[in-house]
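Here's the structure we're looking at; comments come further down.
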Amino acid sequence: MITSVVRSLWIASDSNSSMISLTTAHLVPGRGIEGDRYYYGRGTFPTGERSGYEVTLIEEDMLHDLVQDGLRTGIMKGTRRNIIVSGCSLATLVERPFRIGEVMLRGLMPHYLHCSPHEIREEQRLRRGIGAQILTEGFIHVGDEICNVSLVRVG
C-alpha cells in the first residue's frame, strides 16, 4: 500500500522573496500558513479577489517533471506551492475533505501555474496541484500522512 505523505513545506514573506523551507507549519482557517505572505494579506490573486483557498499543494513527481521541462527554475523554490506531497493524486481531493496531521482541509479547485496552455502537456495540466481551504487550526509536519475523510451525515 502506498502512503500519501507531506514531503516538504514552503512559505514566502512576499511575492519577490525566495521560498523558505519549514519542517512544521501552523495552519489557520481563513488566513493560511503562519509566516506566509497570504497569511498577512500580502499575496496576489489573478482576479484581484481572494480565491477561497489558503494553501496550495503539488505532487512531488509533477514538481520534478515541471523542473525537467524547464517551466520553473529550482527544484522546490520555483513553483511557489506551500505543500509538496507524494503517494496520492491530488485531483482526488478536489471538493472533498482530507486531513494532514491534525489539520482538516478541503480541496477546492485545481491550482494552475502561471503559464500559457501551449507550454504544458495536457496530462500535466491535470496534475499541477490544488488549492485547499483550511477547516481546522493546527500544525502539520514534513512526513505527516494525507488521509481522505468520509463525511458522516446524521439524520
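Position in the sequence shown (from 1) plus 3 gives the number in this note's numbering. Heads up, the beta-carbon is just placed ideally off N, CA and C, and yes, glycines get one too. None of the values given here were measured: they were computed from a predicted structure.
- With fewer than 16 other Cβ atoms inside 10 Å of its own Cβ, E98 counts as exposed.
- When only Cα atoms are considered, V9 and R34 end up about 20 Å apart.
- Where N19 is concerned, there is no enclosing beta strand (DSSP E), because DSSP gives it neither an H nor an E.
- In the displayed model, L69 falls within a helix according to three-state DSSP.
- In the three-state DSSP reduction, L138 falls in the coil class, being neither helix nor strand.
- For F101, the CB contacts under 7 Å within the same chain, skipping 5 residues up- and downstream, are L108, G110, I149, C150, N151 and V152 in chain order.
- Boundaries of the beta strand (DSSP E) around V31: T27 to V31.
- In the same chain as E140, and ignoring 5 residues on each side of it, the C-beta atoms closer than 7 Å to its own belong to L30, V31 and P32, in chain order.
- Residue pairing of V88 in beta bridges, as defined by DSSP: V9 and E62.
- For R102, the enclosing beta strand (DSSP E) begins and ends at P100 to I103.
- The alpha-carbon of G44 is positioned some 27 Å away from that of E63.
- Note that the C-beta distance between T6 and G90 is below 9 Å.
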